[in-house]
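Read the structure below first, then the notes.
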DNA sequence: TGATTCGGTAAAGTTTCTATACCGTCACCG
DNA sequence: CGGTGACGGTATAGAAACTTTACCGAATCA
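Structure below.
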């Protein structure tokens with residue numbers, strides 16, 4: 001049933017996807033929408049709309065008084081599967097200033113609010129140098145402002161992965177000075193200099209490779225119905241859910257989930273969730289995992 | 001100096017941007033890269049590369065032994081400004097399963113790790129209904145699982161904005177039952193039903209419209225050099241930074257920044273930052289702002 | 001009523017793109 | 001050392017996409 005649709009040219013396929021995106025999310029689409037989004041001519045936009053009608057006649061109908069094509073009652077997408085998380089991720093990028101509205105396909109943005117991101121942005125050339133070192137398996141000399149030393153210092157690292165702790169981005173890297181694997185906060189890398197062949201293999205970074213499973217449950221101090229709501233929020237089945245996290249990120253994951261403080265630091269209705277297998281998890285946290 | 005570049009067709013411009021993206025981030029680009037990303041023919045990819053060379057001869061040169069075009073030493077982008085935050089946001093989306101690698105322009109993904117997102121995803125049709133109600137200024141009947149009641153219940157809301165608390169997405173809405181503005185967690189909306197004309201004006205939602213300014217500083221329990229590092233992380237000037245947040249999101253912002261607990265709930269080196277103007281902020285928090 | 005703004009169509013001409021064919025260079029490998 | 005494959009390039013013909021221009025109809029609104 002999908003014959004003919006795969007060998008459309010890339011640009012046309014994008015425009016048909018756009019038509020479908022607008023139909024799903026906004027319920028209507030116009031020639032001028034297509035003209036604005038892609039800079040094609042009006043007759044071309046007409047052609048696209050008719051091409052879409054050819055392919056999926058039930059998905060769209062022209063509404064004379066709305067002066068637009070509207071979504072049909074039996075709309076079923078052919079070019080994309082509507083994804084709320086993706087839509088919301090775009091909203092967030094717009095809110096964070098990462099994307100312009102024009103770069104999304106969202107026609108009319110709803111009012112938006114988000115908790116501020118707060119972190120300093122990463123220098124693109126620094127990021128590029130780190131990514132390149134990872135890709136080529138090289139060691140990289142960086143000017144790094146560490147927590148423990150007052151002045152930034154040049155040091156060699158051999159990065160093998162990129163990590164996100166919920167706030168900041170890290171290079172997961174072998175640190176030459178002390179022969180260990182650590183997290184280097186990307187925004188603390190002020191400059192990069194030389195490169196040389198790798199010094200260590202990322203596969204030796206067991207804290208990165210091995211996982212911990214966190215078992216999460218609603219806070220027992222909540223009423224049964226509150227617990228059920230929390231279970232719904234977190235998609236728990238049988239009152240708990242399991243989350244897999246790299247051991248190296250465990251410290252951050254607990255912090256981000258609010259599970260790093262004493263159980264009574266917050267009221268149950270603020271805390272929401274508890275860690276069931278804390279003993280097991282704690283036994284892995286003897287070594288404090290913090291970025292340098 | 002940018003003559004002729006604006007009236008290129010949309011698809012061609014995308015491909016030239018792609019060439020530039022790859023040059024900046026990976027340092028090289030190929031005919032086959034373009035063929036794989038856009039499904040064009042090999043001669044077309046040749047044409048594109050030569051067109052790019054025409055426009056920016058200094059940015060690219062063919063390296064015979066690498067069998068690819070490589071970034072020139074004086075590379076200066078013409079079609080996009082390299083943005084690390086955007087690159088990283090894409091990495092995160094890939095890590096969260098929101099994007100496929102093929103949908104990004106990143107050629108070779110670095111190893112990736114992130115703290116898990118953990119929240120249940122939002123139903124696209126529910127989101128669509130909420131967005132539509134916001135756009136059209138309508139009230140919407142929703143089946144909502146609240147914290148306070150054991151069973152989900154049908155209720156009317158008049159949403160006027162979408163909010164993100166760092167974990168979950170909300171509809172900011174006027175609640176008909178009690179004539180107040182509240183946050184409704186989108187994943188707790190199980191179904192939507194009727195719509196009717198708006199009942200309240202979003203402009204009356206003062207907690208949403210009015211802002212609070214949080215003044216953040218490094219934790220005083222840290223050593224001076226540690227404080228300086230934290231100041232760097234958060235882009236602070238003169239030892240502090242100000243963050244503006246909607247009053248309705250204040251509760252979540254404090255929680256997300258780890259500023260919702262007693263000052264001694266964490267060690268300084270775990271806490272990192274403190275809120276300087278807590279008194280001022282607390283005076284606004286007497287009304288506990290939590291989603292229903 | 002007339003202007004505007006949607007929608008549509010058609011024809012001619014330009015640009016883009018594919019398919020095909022053929023060539024050159026470099027690195028690798030038997 | 002020569003063959004092979006994977007890059008790069010070019011040229012041509014023909015198809016497809018797209019623009020420009022022109023003109024039409026229906027609905028809405030002042």
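Chains as they are written, first to last, in my numbering: chain V, 1 to 292; chain Z, 1 to 292.
Ideal placement from N, C-alpha and C gives every residue a C-beta, glycine not left out.
Roughly how many angstroms lie between the CA atoms of residue 129 of chain V and residue 120 of chain Z, to the nearest whole one? 35 Å
Taking Cβ-Cβ distances shorter than 8 Å, what residues in chain V pair up with residue 25 of chain Z? 128, 131
Determine the burial state of residue 134 of chain Z: buried for a count of at least 16 other Cβ atoms within 10 Å of its Cβ, exposed for fewer. buried
Cα-Cα separation between residue 207 of chain Z and residue 111 of chain V, rounded to whole angstroms: 14 Å
Would residue 184 of chain Z and residue 105 of chain Z qualify as a contact pair, given that the criterion is a beta-carbon distance under 8 Å? no
Buried or exposed: where does residue 182 of chain V fall if 16 or more other Cβ atoms within 10 Å of its Cβ makes it buried? buried
Assign residue 255 of chain Z to one of two classes, buried (16 or more other C-beta atoms within 10 Å of its C-beta) or exposed (fewer than that). buried
Would you say the region 25-39 of chain Z touches the region 244-252 of chain V, given that touching needs at least three Cβ pairs under 8 Å? no
Can you give the Cα-Cα distance for residue 109 of chain Z and residue 98 of chain V, rounded to whole angstroms? 20 Å
If you pair each beta-carbon of the region 216-225 of chain V with each one of the region 162-173 of chain V, do three or more pairs fall below 8 Å? no
Just how far apart, CA to CA, sit residue 246 of chain V and residue 209 of chain V? 7 Å
In this structure, how does DSSP classify residue 20 of chain V when only helix, strand and coil are distinguished? Residue 20 of chain V: helix per DSSP, three-state reduction.
Could you give the distance in angstroms between the alpha-carbon of residue 35 of chain V and the alpha-carbon of residue 273 of chain V? C-alpha of residue 35 of chain V to C-alpha of residue 273 of chain V: approximately 49 Å in a straight line.
List, in chain order, every chain V residue whose beta-carbon is nearer than 9 Å to that of residue 255 of chain Z. 115, 258, 266, 270
For the candidate residues Z:55, Z:197, Z:282, whose alpha-carbon lies nearest to that of residue 262 of chain Z? Z:282
Restricting to Cα atoms, I'd like to know which of V:215, V:11, V:56, V:259 is closest to residue 44 of chain V. V:11
Shorter than 7 Å, the distance from the beta carbon of residue 74 of chain Z to the closest heavy atom of the ligand ATP, or not? Within the structure as shown, the ligand ATP is missing, as the structure has no ligands at all.
List the endpoints of the continuous alpha helix (DSSP H) containing residue 268 of chain V. 268-271
Answer yes or no: does any C-beta atom of chain V fall closer than 8 Å to that of residue 87 of chain Z? yes
Residues in the region 32-64 of chain Z with C-beta within 9 Å of chain V's C-beta atoms, listed in sequence order? 37, 38, 39, 40
Along the chain, where does the beta strand (DSSP E) that runs through residue 104 of chain Z open and close? From DSSP, residue 104 of chain Z is part of no beta strand (DSSP E); its letter is neither H nor E.
Would you tell me roughly how many angstroms separate the C-alpha atoms of residue 96 of chain V and residue 116 of chain V, rounded to the nearest one? 8 Å
Three-state secondary structure (DSSP) at residue 32 of chain Z? helix
Segment limits, beta strand (DSSP E) that includes residue 62 of chain Z: 60-63
Own chain partners of residue 122 of chain Z with C-beta closer than 8 Å, once the 5 adjacent residues on each side are dropped: 169, 186, 187
My output table needs one value for residue 3 of chain Z: the three-state DSSP class, helix, strand or coil. Legend: pLDDT at residue 3 of chain Z = 36, less than 50; position of this residue unreliable, no value from coordinates given.
So if I threshold CB-CB distances at 8 Å, which residues from the region 88-122 of chain Z count as touching chain V? 88, 89, 91, 92, 93, 95, 96, 98, 99, 108, 110, 111, 112, 113, 114, 115, 116, 118, 119, 120, 121, 122
Checking contacts by CB at 8 Å: is residue 77 of chain Z closer than that to chain V? Output row for residue 77 of chain Z: interface = no.
In the DSSP assignment, find the unbroken beta strand (DSSP E) run with residue 69 of chain Z in it and report its ends. Unbroken beta strand (DSSP E) run through residue 69 of chain Z: 68-71.
Could you confirm whether any beta carbon from chain V is found closer than 8 Å to the beta carbon of residue 150 of chain Z? yes
Note down, in chain order, every chain V residue with its Cβ under 9 Å from the Cβ of residue 164 of chain Z. 88, 91, 92, 95, 112, 113, 114, 115
Going by Cα to Cα distance, which pick from Z:53, Z:138, Z:238, Z:191 is closest to residue 72 of chain Z? Minimum Cα distance to residue 72 of chain Z is reached at Z:53.
Can you list, in chain order, the residues of its chain with a C-beta nearer than 8 Å to that of residue 242 of chain Z? Leave out the 5 residues immediately preceding and following it. Contacts found: 213, 214, 215, 216.
Bounding residues of the alpha helix (DSSP H) (the contiguous stretch that carries residue 144 of chain V): Element bounds for residue 144 of chain V: not the alpha helix (DSSP H) but the beta strand (DSSP E), 138-144.
Does DSSP put residue 211 of chain V in a helix, a strand or coil? strand
Verify the CB distance criterion: does residue 82 of chain V have a CB-CB separation below 8 Å to chain Z? yes
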